[in-house]
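Chemist: Residues in the sequence shown are numbered from 499 upward in steps of one, following this note's numbering.
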Amino acid sequence: MSDLSCSIEKFSPPCFSTLLGIKQDEGLPDGQARFEAINPFESYIVQAPAGSGKTALLTQRFLALLTQVEQPEHIVAMTFTKKAAAEMRDRIIGALKQGRCDALPDDANINDFNTWQLAKRALQRDQQRGWHLLENPNRLRIKTIDGLNSYLVGQMPLLSKMGAPSAILKEADCVYQEAVHLMLKTPEFESDVARLLTLVNGRFKSAQNLFVTMLKKRDQWMGSVLPFTGEEARDHLERALAYIVRKELTEQVAHLTHVMPHLAEACELADYAVQHEQTQLACLCGAWPLSDSLEDLEAWRVLANWLLTQKGEIRQTVTKNNGFISGGGEEKANKAQFVNVLKGLKESVHGQQVAESLAILKSLPNPEYTQAQWEDLQSILTLLRVASAYLKMEFQALGQADFIEIAQAATQALGSELEPTDLAQQLDYQVHHLLVDEFQDTSSEQYALMTKLVAGWQAGDGRTLFIVGDPMQSIYRFREAEVGNFLNAWQGRLGQVALTPLQLHINFRSSQGIVDWVNQNFQRIFPPENQIEKGAVCYSASHVASTNTSTATQAQEVTGCAVKTHWALNRLHEDEAHQVVDQIQQRLRCFEKEDGKSIAVLGRTRSSLTDIARVLKQRGIAFRAVDLESLNERQEVQDILALSRALLHLSDRAAWIALLRSPLIGLSLKDLYAVMGEQRHQPVWTLLENRLHASSLSDNTLLDNALSEEGRQRLGLAMPVLQQALSRLGSVPFSVLVRETWWQLNGSHTVENALALENVDVFCQTLAELDGQPLDLEQLDALMERLFARADSSPESQRVVLMTMHKSKGLEFDTVILPGLGRKSRSNDRALVSWFQFMVSEEGGGKNLEQAGLEQLVIAPLPQKGKQKGRQSAVQESTALSTLLKRFEEEKQRYELGRLLYVAVTRAKQQLHLFGQLEVKEETDTEKEHSPVGNTLLETLWPCVKQAFNRLISSYDFLEVVTDKVSIDSDDKDESPHWPSVSRLSLSHQMATMAFKSPDKPFKMADIVGTLMIEQTEQGMTLESSVPPQTLNAPASMDAPMNASMDLTPQALLNTSVGNLVHVVLEQVVQEGIQQWPKLVVERQEKLAERQPYYRIWLEQQGLKEPALFQAMTRVLRSLNNALSHATVRWALNNQFSESATEYPLTSITQEGDIQHHIVDRTFVDNAGTRWIIDYKTSVFDENNHITTQNKGGGGFKNRNDFIAHQIAQYQPQLARYGELFAQQENRPQKWVLYFSDLNEWVVLD
């Protein structure tokens, strides 16, 4: 019996290396950990820092598991993004292909050898079991967590309480608002709503926003709040509240250990102060020593309040208001003694820490809610339950749901640990091995899901859990990621599964200089120890792999040190941008042509990169900006947005002004005033219509003499288009109407390049997501906030990349530049309710909590502003609790800010540049302690760079900065202000391109006249052009995806554009009626000739230029002429058939739970009751060379029939899928057809 056929029970972990034929890399300090992680018989949690080769390790683990399982579906790998899942799948498939090789290259290392050996054994298992993984890679169950949730919900619709599968709703604000609106209007809860409105001082909108925010983050509180009601809920929340108060009390008292003698002396003097009207100090009399238990909380608060000023500083002196009256003898001695106590506290080694700890103790809240607090909170909790119920109902009514709803339904479908559902038991049987990537980014809901997935696992049953992540790279709290999940599992357990922690240390990415700098500085930036409750992660040092040490040394000899700092005082953002670009140009000069090296400029926010992008454009340096420029900042999108708003609301004066002034119409300011200046209270459209004469627009007798001649002509061209658009509102999808109207107004001629066209396309595609929904202006504005201009994809732009630090995670670059470290990001909006979510373990003191190891929640009632009679104590207590939770939140944010900086600097391979500046206003400032603006990356880095800035300050020339400011702010400038210019199409261009009226049925392209002439012949159509005739025989590829906005090769763009246009025209033929298209060749070609200009301009808008434009026009005209002359095709294009439809949408759900959308080109039911399903193909077969680009890897096809047979084999499964979907809806015979328009072949499939 071979090794691979042995069962798991026959092998204990020590023999796995022999079993798998792998060996440990003893040259790596963490080689033992990497070696153990491959063991397919044990469960591990692996901390893999930046550049440590995490994906390679996951690949090896997956291959090792493949050698042991009965079916590949027994292994499930989960990650967070489709991109990461695809990368993992590609790595595994690539390794399996490499495993087919008989030998490795000479330069292969031990890691390559192990991967090869594992792949070879996985292929042996594959052959034994007949898996055929390379032919069926979908058998590898590599999923995103969201994909897994959708799959679980689809498997158990009743248990998940979602019914039929729901589509994912990425933007659900309107649904949240509707749920909250229903909740606030429910009569049964009027008293709770009244109490809520009292808390927000009657501001209904604020109350609504409060609950919308809570619903957006309901995964953080629903599990902790909704299961409990009444006093049970109060008890649950107060236990968590007591825990964090006790924890904070213990921590701050520990910071005061070295000043305990001074505090004891202060307590002794409390007796004296009580005798002088300071009765609140009575709790300190005889109370020393004070412990860190909650029983002494009030004493600590009183003591801290006595020692500190209102500003939180240690007092310098005392008065009778502090219990020390003036006088001699005992009065004087006691006062002097207390002042000495204060001096001792202030001058202690950690005086600043003493003051901070006392300030925290002073403001600590009580460990339980007051009755008034609880009544306020109970009303909020009641309303939250109601709002959540309404939200679920709204989702069900829409057949859509957000990610949180899907995740919660998936958890519901699995049941509980004690009462698992059939689905949970089925998964328990199917899933033998679970791998989770990027575990530090899991949310509370995702953590609970994973715990349920392994709930039935037992030690020794052969199932394993493998978790990989890096808590030092946990930077997605804004997406509800909770680093405490990783820290909790790192203690050795997830649910019932014991985990062995493994730590990786080797960095294969960065040079020695960068790794040394990171180790030296982040040891000080990160907290000294992990703290689950606050998300604190201590630093784990890395070491450079020997393989990249020599390269790093050589690079540093050429370019200087690996880390370069560019600190400055009072530096303008513009100056910093120029200095950053200087560094970019210097690095580019060092790069060799096509060496693959790149430079990344990483900003904390997009706004910190805008100045740099502008300077790069000024200097002519190509760059790629990833989600940097908001679409609403682009002129072409502002124009189409103005058009959208104007069509939505005829009284939106600002939108109509923007539209009339835009290049789409191009009125001058004088003409604009003539149209609407004196009429401020009438809709703009009414004003435009009132200025028209009663005669038809075709008479061109338009506006009165107040308008200039050019203004009358411009409006004369635009008004028919706008009138037609308004008449079609509601009859076609709004996104289609906007796109067509923009085209008809010559929008494509107003943009500066193809990238701008893509931006318009992005806007229209996003607008299409809202088709079929009520759309208002607020939704439109919210839509724009999340859209970004397309990144430049040209080869020249790949050298320099601009992106945010969050976007850069998982990437690497030769050089990394971090600008604006001293800039503060925009502050978060003030939350109307505060809550703190945290996780504790038994080791962390959670034994007294019922659910140690699970998420806990503390909610602070709303701190009401203003004075309310009888509520002062409740308001003060709520404020104290809100202050504590806010401080915890800020501390969590501060820890994550350090991790964000770590992620950014560890993207660098060879060089790292840091830019930061400090504001120092006056020369006298040099004598005081300086610190950067709070909540900045420079503040995070400050302990490491403070001395460098102090040296800058000591040698700074303040006279120079004064001179600079005078020159900048001087009122004596000769330059007049620069007004932005408004671009407009020339009137002659507009008149020429709109000379022809649009077809009766509005065409899906601009009504523009082209310049090509059509020459009619008996055989077909040819075009007058300078392009040589032989270009007509150029090979063409198969149909590409119907989306010309994708990044395509020139040939693929040509094929896609031709296919899209032919589909569009054939759809229009059906809509207009085939009888409108003559059968006679000459008449038919005349009609095509009429519309040829539209076809040409449409193709130009897709980005086609000569000679590709000539090829495209030729192919389109040939396909259309073929279709309209083919008797059977003409029969099929008849719109009189029953259930006649074009571009018919179908939706299906895969076994994995993924939603797929399909489009059927043409379908109808004939008189015999047969369903026809027709798919158009514009593929070209070269009769001379027998080659298509689809077959470029195989040489060519024997003949035309061979080519068609190949096409049938490729597309028959697609038609079969369409047929299957129709069969699920109806019971009738079917016929499937492929129509090859370029070949004029009508093929009915079996």
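Quick reminder that beta carbons are idealized off the backbone N, C-alpha and C, glycines included.
What is the DSSP secondary structure of G1320, reduced to helix, strand or coil?
Modeler: Residue state, collapsed to three classes: coil.
Chemist: Give the range of the alpha helix (DSSP H) segment to which S1233 is assigned.
Modeler: Element bounds for S1233: 1232–1242.
Chemist: Kindly indicate the opening and closing residues of the beta strand (DSSP E) around D1659.
Modeler: 1653–1663
Chemist: Is it true that the CB of I1097 sits closer than 7 angstroms to the CB of T1313?
Modeler: yes
Chemist: Note down, in chain order, each residue of its chain lying with its Cβ closer than 7 angstroms to the Cβ of S1106, except the 5 sequence neighbours on either side.
Modeler: P1317, G1318, R1321
Chemist: Are there three or more Cβ pairs, one per stretch, closer than 8 angstroms when the stretch 1635–1642 is compared with the stretch 1659–1679?
Modeler: yes
Chemist: Taking C-beta to C-beta, are S984 and Y542 nearer than 7 angstroms?
Modeler: Per the sequence presented here, residue 984 reads as Phe, with Ser not at that position. Going by C-beta atoms, F984 is not nearer than 7 angstroms to Y542.
Chemist: Which value, in whole angstroms, describes the spacing of the CA atoms of E1387 and F1334?
Modeler: 7 angstroms
Chemist: So, F1006 versus G549, is the Cβ gap smaller than 7 angstroms?
Modeler: yes
Chemist: If contacts are defined as beta-carbon pairs under 8 angstroms, then M586 and L556 qualify, I think. What distance do you get, rounded to the angstrom?
Modeler: Contact check for M586 and L556: beta-carbon distance about 6 angstroms, within the 8 angstroms limit, so the pair qualifies.
Chemist: For N1028, which residues in the same chain have their Cβ closer than 7 angstroms to its Cβ, ignoring the five residues on either side in sequence?
Modeler: L985, A1034, V1035, C1036
Chemist: Rounded C-beta distance between R1237 and C1262? I'm assuming under 8 angstroms.
Modeler: 5 angstroms
Chemist: Under 6 angstroms Cβ to Cβ from E1565, same chain only, skipping five residues before and after it: list those, please.
Modeler: T1640, E1641
Chemist: Helix or strand or just coil, what does DSSP make of D1279?
Modeler: In the structure shown, D1279 sits in a helix (DSSP, three-state: H, G or I).
Chemist: Is the beta carbon of V966 sitting closer than 7 angstroms to the one on A583?
Modeler: Pairing V966 with A583 gives a Cβ-Cβ distance that is not under 7 angstroms.
Chemist: Under three-state DSSP, which class holds E1207?
Modeler: helix
Chemist: Give every residue of the same chain whose Cβ lies closer than 7 angstroms to the Cβ of I1110, excluding the five residues on either side of it in the sequence, and list them in chain order.
Modeler: Around I1110, the same chain offers A1075, V1078, V1079, V1099, L1300, P1317 as residues with beta carbons nearer than 7 angstroms, after the five sequence neighbours per side are excluded.
Chemist: Am I right that K860 and A802 are in contact with their C-beta atoms under 8 angstroms? What's the rounded C-beta distance?
Modeler: 4 angstroms
Chemist: Measuring alpha carbon to alpha carbon, tell me which residue in D1736, S1166, P538 is nearest T516.
Modeler: P538
Chemist: Apart from the five residues just before and just after L754, which ones in its own chain have a Cβ nearer than 8 angstroms to its Cβ?
Modeler: L761, V852, S855, L856
Chemist: Expressed to the nearest angstrom, what Euclidean distance is found between the alpha-carbon atoms of E688 and A677?
Modeler: Rounded to the nearest angstrom, the two C-alpha atoms are 16 angstroms apart.
Chemist: Can you list, in chain order, the residues of its chain with a C-beta nearer than 7 angstroms to that of P635? Leave out the 5 residues immediately preceding and following it.
Modeler: R587, I591
Chemist: From which residue to which residue does the alpha helix (DSSP H) around E1267 run?
Modeler: Where E1267 is concerned, there is no enclosing alpha helix (DSSP H), given that its DSSP letter is neither H nor E.
Chemist: Keeping to the same chain, check which residues put their C-beta closer than 6 angstroms to that of V1459; ignore five residues upstream and five downstream.
Modeler: Unreliable positioning characterises V1459 in this predicted model, as indicated by a pLDDT of 46, which lies under 50. The coordinate reading is nonetheless provided below. So the list reads N1068, once near-sequence residues are dropped.
Chemist: Quickly, what does DSSP pair F1311 with across the bridge? List them, please.
Modeler: A1406
Chemist: What's the C-alpha gap between I1155 and L1265?
Modeler: 22 angstroms
Chemist: Would you decide whether S1555 is buried or exposed? Buried here means 16 or more other CB atoms lie within 10 Å of its CB.
Modeler: buried
Chemist: Please report the residue range of the alpha helix (DSSP H) in which K1305 lies.
Modeler: 1303–1306
Chemist: Name the two residues that bound the continuous beta strand (DSSP E) containing R639.
Modeler: 639–642
Chemist: Under a three-way DSSP split, which group does I536 fall into?
Modeler: The answer is coil: DSSP assigns I536 none of H, G, I, E or B.
Chemist: Whose C-beta lies closer than 8 angstroms to the C-beta of A1280 among residues of the same chain, with five residues either side of it excluded?
Modeler: E669, D671
Chemist: How many Å lie between K461 and P527 at the Cα?
Modeler: This structure gives no information on residue 461, because the portion of the chain shown stretches from 499 to 1744.
Chemist: Does the distance from the CB of L1185 to the CB of V1173 come in under 7 angstroms?
Modeler: yes
Chemist: What is the rounded straight-line gap between the Cα of G1571 and the Cα of F1635?
Modeler: 11 angstroms
Chemist: What separation, rounded to the nearest whole angstrom, lies between the Cα atoms of D874 and G700?
Modeler: A straight-line Cα-Cα distance of about 15 angstroms links D874 and G700.
Chemist: Below 6 angstroms CB to CB, which residues in the same chain sit around D1169 once its five sequence neighbours on both sides are set aside?
Modeler: L1205, S1206, G1209
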